[in-house]
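Below: one structure, written as structure tokens.
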Amino acid sequence: MKVNVDRCLHCGGCVGSCPFNAIFLNDYVLEFDSRCTGCGRCVNLCPVHALALEGKP
Amino acid sequence: MKAYECDVVVVGGGPGGSMAARYCAEGGLKTIMLEKKAEIGAPLRCAEGVSKKWLQEVGIEPDPAWICADMVGAVIRSPSGHTFKLDESKAGSEVGYVLERHLFDKALARRAAEAGAQILMRTSATGVIIEDGRLAGVKAKSMGEEIEIRAKAVVAADGFESQVARWAGVDTSLKLNDICSCIQYRMVNLDIDPEYCEFVIGGSIAPGGYLWIFPKGEGIANVGIGVMGTRCKNADPKVYLDKFIASDPRFKRAQSLEVVGGMVSTCPGLDCAVADNLVIVGDAARIIDPVTGGGICHACRTGMYAGKVLVEASKKGDFSKSALMPYEKMWRDRMEDKLYRNWMAKERLAELDDETIDELVKLVSGSDIGEVNVYNLLKVIKEKFPKVVEGFEHLI
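Residue numbers (our numbering), protein chains in the order written: chain W, 1 to 57; chain Y, 1 to 396.
As structure tokens, this is what we get:
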């Protein structure tokens with residue numbers, strides 16, 4: 001997962017919506033752990049398109 | 001590692017957390033509340049609109065210090081511009097105040113502190129402590145330092161992000177259909193009616209959600225939008241909000257001073273909001289009105305219930321799930337029917353095309369409705385558009 005830090009509003013919405021509990025918001029930095037399956041839910045839900053699946057256009 | 005011992009640890013210093021901490025402390029429990037941010041109530045993620053009636057129910061005296069604007073009514077606007085204006089006599093319980101959340105939240109936290117609760121700022125929970133298979137507290141990082149807080153019970157008041165409940169083993173996963181993505185600007189230089197909250201609905205405006213304009217006086221307003229995740233693939237709420245702002249002449253000179261994002265769950269609440277040594281309140285328990293996305297009154301009510309039930313539980317020294325079940329009964333008795341009905345209504349309204357919504361708004365504006373609230377609106381809709389309420393007529 002790739003985070004566009006310049007767009008991220010640190011709202012934490014992706015954290016709460018992740019089905020795999022794989023996202024953490026620590027001190028204004030989003031972190032993804034190994035549980036991330038790349039399902040893309042957070043990508044679709046992010047209010048400001050700050051997330052992208054790595055390796056995808 | 002620094003260690004704390006207490007009766008109840010509350011994770012989250014929003015309205016739900018502060019109310020829980022206050023009622024726990026008032027009942028004589030040693031209570032610690034954690035807030036991860038550097039300031040309670042800021043940055044806000046909220047449209048700040050609340051109704052008036054419930055404040056008394058939860059023991060909050062309205063205070064001009066945190067009431068930003070007093071609404072006399074609300075306007076519902078359809079995609080093609082039909083409006084339904086509700087004045088004060090008809091607006092009922094669905095409109096009321098626009099708050100200053102950063103002051104409101106601090107006022108509630110202050111009440112918790114006055115009752116004797118300890119508040120740890122800039123302290124984020126990093127995990128839970130499980131001992132002999134039981135929840136025995138939380139681990140946290142406080143001003144960068146690792147700490148442990150041992151407690152007989154934990155209140156999860158950590159909002160939509162709710163990690164505490166998940167760590168404790170409660171399934172909080174949401175269906176994609178039950179999440180709205182939101183974005184809001186604090187805008188100035190607006191040419192709007194300062195006494196009416198406005199709700200704009202319709203698939204072309206806000207797919208599966210609505211757009212709001214909540215005035216805060218002197219041409220200032222919270223202007224935001226929530227859209228359903230499943231209904232706007234590859235188009236974020238910002239695109240819809242910016243489109244609306246660009247098309248409405250009232251926003252010609254508008255500038256934004258603040259931008260906030262967030263997500264709201266729009267479903268009927270967790271299957272069970274208690275577990276052994278755990279109570280989940282407010283947004284963390286998904287106890288939110290699925291039509292309006294309003295969560296403040298529900299957070300305050302559930303926070304109060306949590307506090308009262310924990311005080312009773314401590315008298316018997318039993319914080320097991322069965323001892324905490326009165327909490328579950330209290331919030332369900334008070335709110336479940338309404339939340340479930342509004343969830344069904346939300347599902348149906350999200351499916352309607354813009355033409356039908358135009359018709360609906362025309363219909364209700366021509367009807368003589370006494371006090372206007374979601375319930376009475378649905379009653380009128382039921383007569384003319386029975387399909388909209390199919391499957392939950394018995395709740396109307």
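From the three backbone atoms N, C-alpha and C, an ideal C-beta is built for every residue, glycine too.
When DSSP states are grouped into helix, strand and coil, K106(Y) belongs to the helix group. Of all C-beta pairs linking the segment 183-190 of chain Y to the segment 205-224 of chain Y, three or more are shorter than 8 angstroms, placing the two stretches in contact. The criterion of a C-beta distance shorter than 8 angstroms is satisfied by G13(W) and G261(Y). Remark: three or more beta-carbon pairs, one from each stretch, lie closer than 8 angstroms, so the segment 129-145 of chain Y and the segment 274-289 of chain Y are flagged as touching. A Cβ-Cβ contact shorter than 8 angstroms links I280(Y) with V170(Y). Identification of chain W residues near L176(Y) by a Cβ-Cβ cut-off of 7 angstroms yields R41, ordered along the chain.
Between the C-alpha atoms of L51(W) and D87(Y) there is a straight-line separation of about 43 angstroms. The segment 2-18 of chain Y makes contact with the segment 157-177 of chain Y: 3 or more CB pairs, one atom from each, lie closer than 8 angstroms. Looking at the DSSP output, Y23(Y) bridges to nothing. The criterion of a C-beta distance shorter than 8 angstroms is satisfied by G40(W) and L53(W). The beta carbons of T266(Y) and G282(Y) sit no closer together than 8 angstroms. In the structure shown, the three-state DSSP call for Y97(Y) is strand. For P15(Y), there are no neighbours in chain W by C-beta distance under 7 angstroms, as the nearest C-beta there is about 17 angstroms away. Counting along the chain, no alpha helix (DSSP H) covers P215(Y); the unbroken beta strand (DSSP E) around it starts and ends at Y210 to P215.
With a threshold of 8 angstroms between beta carbons, S34(W) makes no contact with chain Y. Between the alpha carbons of G391(Y) and A306(Y) lies a gap of roughly 32 angstroms.
Closest option to D70(Y), judged by alpha-carbon separation, among P194(Y), K384(Y) and A113(Y): P194(Y). For L51(W), no Cβ of chain Y is located within less than 8 angstroms of the residue's own Cβ. Under a criterion of Cβ atoms nearer than 7 angstroms, the residues of chain Y adjacent to G16(W) are, in order, F160, E161, S162 and M263. Of all residues in the segment 233-249 of chain Y, only K233, D236, P237 and K238 come within less than 7 angstroms of chain W when Cβ atoms are compared, listed by chain position. Annotation: the continuous beta strand (DSSP E) that includes A136(Y) extends over R134 to S142. The DSSP assignment places complete beta strand (DSSP E) segments of no fewer than 3 residues inside the segment 266-315 of chain Y at 278-280, in order along the chain. For A323(Y), same chain residues with a beta-carbon under 6 angstroms away, outside a window of 5 residues either side, are A313 in chain order. With three or more CB-CB distances shorter than 8 angstroms, the segment 46-53 of chain Y counts as touching the segment 203-218 of chain Y. With distances taken between CA atoms, E57(Y) lies nearest to M19(Y) out of L363(Y), K252(Y), M19(Y) and A74(Y).
At least one CB of chain W lies nearer than 8 angstroms to the CB of I179(Y). Closest option to A115(Y), judged by alpha-carbon separation, among I67(Y), Y23(Y), A246(Y) and I288(Y): Y23(Y). Per the DSSP secondary-structure output, S256(Y) pairs in a beta bridge with M187(Y). DSSP places E393(Y) within a helical segment (H, G or I) once states are collapsed to three. Inclusion of L34(Y) and V9(Y) in the CB contact set at 8 angstroms is warranted, their separation being smaller than that value.
Excluding the 5 residues flanking it on each side, K216(Y) has same chain C-beta neighbours closer than 7 angstroms at C68, A69, V98 and N222, in chain order.
Listed along chain W is no residue with a C-beta nearer than 8 angstroms to that of S320(Y); the closest approach is about 25 angstroms. Around S173(Y), the beta-carbon contacts reaching into chain W at under 8 angstroms are P19.
Straight-line measurement puts the Cα of Q163(Y) at about 11 angstroms from the Cα of S173(Y). In this structure, A206(Y) sits away from R122(Y), with a CB-CB distance that is not shorter than 8 angstroms. Annotation for T83(Y): the continuous beta strand (DSSP E) segment containing it runs T83 to L86.
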